[in-house]
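Start counting the sequence shown at 1320; every next residue gets the next number (our numbering).
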Amino acid sequence: MKNYEVSDITEPVYKSVVTIIVHCSCEELNTWLAQYRHETEKPVEDEYKDCLGLAFSHKNKDGAQCWVIWVKEFNWTIKCMGVLVLELTHLS
1320 MKNYEVSDIT EPVYKSVVTI IVHCSCEELN TWLAQYRHET EKPVEDEYKD
1370 CLGLAFSHKN KDGAQCWVIW VKEFNWTIKC MGVLVLELTH LS
């Protein structure tokens, strides 16, 4: 059962999309990612399962480079927003 939320943010200058996934375990992230990633892309490694967030790129099934921001838990607290902002800064 899907407990997480997914939002896409379109960036018009570079014509790219950033997908933000919140309230999602590492296992759920890999399940979601398996639906969209290129066959040559590997799942997110278990070493990240205890992280609060992660920003990474991957190729989608069409071979286009995509960005994903994963925040394990997001409750609109200062801590959660700090994790999101930190991961967003990794994109620049």
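We treat Cβ as the ideally placed atom computed from N, Cα and C, and that holds for glycine.
All figures in this text were calculated on a predicted structure; none of them were measured in a lab.
CB contact flag (residue i, residue j, <8 Å)
i, j, result
"A1374", "H1409", "yes"
"E1358", "H1377", "no"
"C1345", "V1363", "yes"
Burial state of residue i, where buried means 16 or more other Cβ atoms lie within 10 Å
i, result
"G1372", "buried"
"I1397", "exposed"
"I1328", "exposed"
Pick from the options that is closest to residue i, judged by C-alpha positions
i, options, result
"Y1367", "I1388, Q1384 and G1382", "I1388"
"K1391", "L1352, D1369 and D1365", "D1369"
"I1339", "K1380, L1352, V1332 and Y1333", "L1352"
Span of the beta strand (DSSP E) around residue i
i, result
"L1373", "G1372 to K1378"
"N1385", "Position check: residue 1385 holds Cys in this sequence, whereas Asn was assumed. Q1384 to V1390 is the extent of the beta strand (DSSP E) around C1385."
Where the alpha helix (DSSP H) through residue i begins and ends
i, result
"E1324", "From DSSP, E1324 is part of no alpha helix (DSSP H) but of the beta strand (DSSP E) over E1324 to E1330."
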